[in-house]
Each structure stands twice: as structure tokens, then as C-alpha cells.
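S.K.:
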Amino acid sequence: MEDEPRNDVSTRQQSITVQDLRDNRLAEGSKKGYLSGVRQVVAWLRESGRSGTINPDGSINLDVFSYEDFTEFVLYKYKSAGVSLSTLSGYRSAIKDYYSRQNVALSAGFVTDATAIYQGIRRLCASETQTGAIKPGGKQPLRYHQYQELCRASLTKLDAGFTHLFLTLSWNLMCRSRSTETVRVDHLSDEGDSIGVTFFKSKTDQGGTKRRDPKHLTTRATFFRVPRSVTDLAAASISLLAQRFLHQPVPSELTLSERELQRTQLVGVLRGPRLSTCASGAGGPSVVLLNATYIMTAPVTNTWAALWLVFHLTAVSLLHYLLTLILAVTKQFPLPGH
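For the numbering used here, add 4 to where a residue sits in the sequence shown, where the first one is 1.
(1) Just to confirm before moving on: does the CB-CB distance between F114 and K100 stay below 8 Å?
(2) Looking only at its own chain, which residues have a Cβ that is under 8 Å from the Cβ of I58, when we skip the five neighbours before and after it?
(3) Given I125, which residues of its chain have a CB within under 7 Å of its CB, disregarding the five upstream and five downstream residues?
(4) Note down the Cα distance separating D117 from Y71, rounded to an integer number of angstroms.
(5) Output the distance between the C-alpha atoms of W175 and L322, rounded to the nearest integer angstrom.
(6) Would you grab the beta carbon distance between V68 and G56 for me? Rounded to a whole angstrom, and I think it's under 8 Å.
(7) Let me know the secondary structure DSSP gives G136 once reduced to three states.
(8) DSSP state of L192, grouped into three classes?
(9) Which residue's Cα is closest to the Cα of P218: L177, E185, R182 and A137?
(10) Residues in its own chain within less than 6 Å of C129 by CB, not counting five upstream and five downstream?
(11) From S97 to K35, what does the alpha carbon distance come to, in whole angstroms?
(12) Rounded to the nearest angstrom, what separates R188 and T202 at their Cα positions?
(13) Does the Cβ-Cβ distance between S158 and H168 come in under 8 Å?
(14) Should T133 go down as buried or exposed, given a rule of 16 or more other Cβ atoms within 10 Å for buried?
(15) In whole angstroms, what is the alpha-carbon distance linking G136 and R147?
(16) I'd like to know whether the C-beta atoms of V42 and Y102 end up nearer to each other than 8 Å.
(17) Just verifying my parser: in three-state terms, what is the DSSP assignment at I199?
(18) Give the secondary structure of S111 by DSSP, where H, G and I count as helix, E and B as strand, and everything else as coil.
(19) Quick one: what's got a C-beta closer than 7 Å to V87's C-beta in the same chain, skipping five residues either side?
(20) Find the nearest neighbour of Y325 within the set I121, D163, S19 and Y122, judged by alpha-carbon distance.
(21) Return the CA-CA distance between G33 and A109, expressed in angstroms with no decimal places.
(22) Would DSSP call K214 helix, strand or coil?
(23) What residue range is occupied by the uninterrupted alpha helix (DSSP H) comprising G37?
(24) What's the call for S19, buried or exposed, on a 16-neighbour Cβ count within 10 Å?
(25) Measure the Cβ-Cβ separation of Q44 and Y122 and say whether it is below 8 Å.
(26) Give the DSSP-derived three-state secondary structure of K219 in the structure shown.
Shown next as C-alpha cells:
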């Protein structure tokens, strides 16, 4: 019947209200940023002698506050405070959100003139940066050689390979750390010669409305440089990762050499960084990722999945710790004649 509750509806969905849906349009970080921006405007209104635009409770009185007040605030912040362009844009977003929460229509200036003002600020900042008058703003990208150093450092951490796995996945997927954190097993897909990872939400797609094409983890087989003695450890489980892990049939007509090549490609998928969507590379050893591949290729069933994964995770992690300890002791106390 139509009035019967659905079985797939969570407790959160059943208890949600209309106001909760309105509030959920923004992330918690954005809400805090907008609140801070409004407070900055309120503080400036007091300092500039515009206390009449402030309500007794400390909020902005939109019946008195005008678009001209906002432009004066932006000019003050640009000239006196020396804030960045992104911060100035944040002030505009904060005020527009405040208007929306107060159910007050924006004045025409916020829609048209503000865009022209910010375009002028953007061009001015670009010209000053080019001439050296101001320092370049924004975040600095992580260079490839810096990434290599981080990979080497992450291999020395005794955390069962978590740091190294997290680092290499974030680099290969070219995504934010939050997106890497939320990757699940059912987000993986078999994409032929690569493994696909599908993101259902991202920084640029908060509502999940864009195309959900998987991001490919791929590399060339020639970059498989793990010593043979290491590959033998997990060869049986690593082979044909995508087919077994994603419940795809293994082609019986594959020859031994083809299996070896496919194993090489699949291990390279999880150990080599990439420079573009389908580029390839090998930024240092990734024994831990190879171990993670070994764990994931185990046959998983609903009954024994947890025990199987825990057992192999423990065994492979202990082996990794032992190898790390041996290497450390050898470097500290070299053998005679070395």
C-alpha cells in the first residue's frame, strides 16, 4: 500500500524536516564561513558609524542596509585589510546567503554591478601579480618530486600502509582528501585495462547531478618494478584483480604469459602515480599497495568476508613490519665487508 513505510528509508530520512532540507543545501564549512563573513560586515558597520543598519540582536537590518554599504565594505577590505580575491568573493556569497535566509530579495546591484566590480578586482590583481607588486595568491600545487618524497616517507610509517594507500589514491584520482576518505568497495568498477572509481559527490558537484563517469587508475606494464621475490608472495591472489574482485569471469583461454602481463598491469594500477587522466608513472616503491591488492583479491563471501580480510591484513602487515625492521637494522649496523 502507498501509506506503508519503505524498507530502504533510513531513520534520518524519517525524522528529517523541511527546515533541515533547507539547511542541508550548504556544507558545515560553508555555513561557518558565511557566518564569519556576516560578522565581518557587522563589525565594519559599527566601526564606520553605520550602527543604524544593525538590529538590537546584532544582525544586519536589511531594510536599512543597502548595496552601496556593501560596496563600501568591499572597497575598505581591499584597500586597508589587503585580503585576497577569494576572501572578497566569500563576503559577497555570505551576504547573498544572509538575504536568502531572511527571505529578502536581493537588490539589482548584487546581481549585475557586483559582478562587474569583482571582474575589475580580478583583472587588477592579475596585473599586479604579473608585475610583482603583490605575491601570487591561492594554493600551491604539490610537485611531483615532493610527492615522491612523501611516498618514501609514508612507507616507513608502521600503520599497515594506510598513509601510503591514502596518499597514492589521492594523487592518482586527483581528488580531495575527503573524496578519498569516502571511497567504498562498491565504488570500484572493472574498466578493462584499469580500475574505475566512481564519485557520487565532489567539490564541484555537491548535488551529484553531473555525469558519474569513473576515474581510471591505469599505468603501463613497463613500470612494474617490484622485485620478483616480492611479487611471488602475493602472485596467486594479485592475478586478475579486476575480474575476481568485481565478480567478473576469468577468461579460461588466457595463456600464462597473458596472465602474467595482466597481473603486472593490475598491480601497476595501484602502485604508480599518474600525471594526467590516462598517463602513467612510477614514483617509488609501493609494497604496501601491493599488499593491499593482495588483500582485496581474496574471494569475498557474506559470511567469511570480515575474517578473511582481517587475517590477511594482519599477516601481510606483520611481514611488512619485519622487512622494514630488517632494512632499518641493516642500515644502522652494516654487515662486515659492506
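Even for Gly, the Cβ is constructed at its ideal location relative to N, Cα and C.
M.R.: According to the data block:
(1) yes
(2) V46, L49, R50, I64 and N65
(3) For I125, where only same-chain residues beyond five positions count, the Cβ hits under 7 Å are Y82, L89 and L92.
(4) 10 Å
(5) Going by the C-alpha atoms only, they are around 26 Å apart.
(6) 6 Å
(7) coil
(8) strand
(9) Looking only at L177, E185, R182 and A137, the smallest Cα-Cα distance to P218 is reached by L177.
(10) L89
(11) 11 Å
(12) Within the model, the alpha-carbon separation for R188 versus T202 is close to 9 Å.
(13) Result yes, Cβ atoms of S158 and H168 sit closer than 8 Å.
(14) Label assigned to T133: exposed.
(15) 23 Å
(16) yes
(17) Looking at I199 - three-state DSSP - the assignment turns out to be strand.
(18) coil
(19) K81
(20) D163
(21) 25 Å
(22) In the three-state reduction of the DSSP assignment, K214 falls in the coil class, being assigned neither a helical nor a strand state.
(23) E32 to E51
(24) exposed
(25) No, they are not a contact pair.
(26) Residue state, collapsed to three classes: strand.
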